[in-house]
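K.L.:
This is the structure, below, for whatever I ask next.
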Amino acid sequence: MTKRTPIIAGNWKMHNTLAESAALITALTKAGNKNHVEIIVAPSYTSLAKVAELAKGSEIQVAAQDVHWEDKGAFTSAVSPVQAKDAGATHTLIGHSERRSVFGDTDEILNKKVAAALRHGLTVIFCVGETLEEREAGKTLSVIESQLKNGLKDFTEEQLKGLIIAYEPVWAIGTGKTATPDQAQEVHAAIRAYLAKAYSPAFAEATRILYGGSVKDSNVDEIMAKEDVDGALVGGQSLIAEKFARIINFN
Ligand code: 13P
């Protein structure tokens, strides 16, 4: 069990109409929070303002799923950090594996997106993770180190204060295959060791590292029991109020 304040975050991805989002957030505000965790939900942009409005006064914070690297301009379909913040987001995911693999976000693009988010005071949840092929080739730790090094390039420890990292093995996302608690712990410990080396031991100790990839009400307890696992980033089960409530209130 972590000594840091745990975070349970839900990534709603491209799901939910406005009415569905409203119903979900309303149910979640009544979910309780016995572990005093930080609770974050990341709705799609169309629901962001509504969810933020309905979450007001509750313990739930709202994140964007991504932001563009510019504040405004001719970038059809993109959403800027200014707009995300204006809609009520306090956090943003950056570098989710679906952004990397489906939309082609490179380390260089992600680095610019992190800069934009930090410039506007959004707390970044920076996502990293290896593919199955990379894992089987024994490259997991080097891939993750390189994603961190390049994605967070040129920022000082001071600028990155409050950063949240999400380790999401690509092979575990939406597949029902969860990393074992030991596999998660191994990578989380390696990420923390990297942060200690690249920044400082104090920064590494303070940074929350979340696990994501088929987290369920049935496996959250054993994952959260690991020392370096500071929380979960949940996809599928964050769309079902009772399941996500159980995850928030893990044992
Ligand atoms: P699943 O929980 O559906 O595997 O998704 C994980 C994820 O990608 C969260 O960002």
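To convert, note that position 124 of the sequence shown is 133 in our numbering; the numbers rise steadily by one, no gaps. Think of the CB as a built atom: it goes at the ideal place given N, C-alpha and C, for glycine as much as any other residue.
1) What whole-angstrom Cβ distance do S106 and I182 have, given they're in contact under 8 angstroms?
2) DSSP state of E47, grouped into three classes?
3) Starting from F135 and walking both ways along the beta strand (DSSP E), at which residues does that stretch end?
4) Quick check on this structure: which residue in Y54, V50, V179 and T55 has the alpha carbon closest to the alpha carbon of A64?
5) How is Q92 classed by DSSP in three states: helix, strand or coil?
6) Going by DSSP in three states, A156 sits in which element: helix, strand or coil?
7) Whose CA, out of Q156, E236, K59 and A124, lies closest to the CA of E29?
8) Counting C-beta neighbours from all protein chains within 10 Å, is the total for T187 16 or more, i.e. buried, or is it exposed?
9) Looking at the unbroken alpha helix (DSSP H) that takes in Q168, where does it start and where does it end?
10) With DSSP collapsed to three states, give me the class of Y220.
11) Could you give the residue range of the beta strand (DSSP E) that holds V71?
P.N.:
According to the structure shown:
1) As a working note, residue 106 is residue 97 in the sequence shown. As a working note, residue 182 is residue 173 in the sequence shown. That belief holds up - the Cβ atoms of S106 and I182 are roughly 6 angstroms apart, short of 8 angstroms.
2) Residue numbering aside, residue 47 sits at position 38 when the sequence shown is read from its first letter. Of the three classes helix, strand and coil, the one that applies to E47 here is strand, per DSSP.
3) Here residue 135 corresponds to residue number 126 of the sequence shown, with the count starting at 1. It spans T132 to V137 - the beta strand (DSSP E) in which F135 sits, taken as one unbroken run.
4) Your numbering for residue 64 matches position 55 in the sequence shown. Minimum Cα distance to A64 is reached at V50.
5) By one-based count along the sequence shown, residue 92 stands at place 83. Note: Q92 maps to helix in three-state DSSP.
6) To locate residue 156, count along the sequence shown from 1; it is residue 147. Looking at the sequence provided, one finds Gln at residue 156 rather than Ala. Of the three classes helix, strand and coil, the one that applies to Q156 here is helix, per DSSP.
7) Here residue 29 is taken as the residue at index 20 of the sequence shown, counted from 1. Comparing Cα positions, the closest option is K59.
8) Position 178 of the sequence shown, counted from the first residue, corresponds to residue 187. Buried is the call here.
9) Indexing the sequence shown from 1 puts residue 168 at position 159. No alpha helix (DSSP H) contains Q168, which DSSP labels as neither H nor E.
10) By 1-based counting over the sequence shown, the position of residue 220 is 211. Looking at Y220 - three-state DSSP - the assignment turns out to be strand.
11) In the sequence shown, residue 71 corresponds to position 62, counting from 1. Where V71 is concerned, the enclosing beta strand (DSSP E) stretches over I69 to A73.
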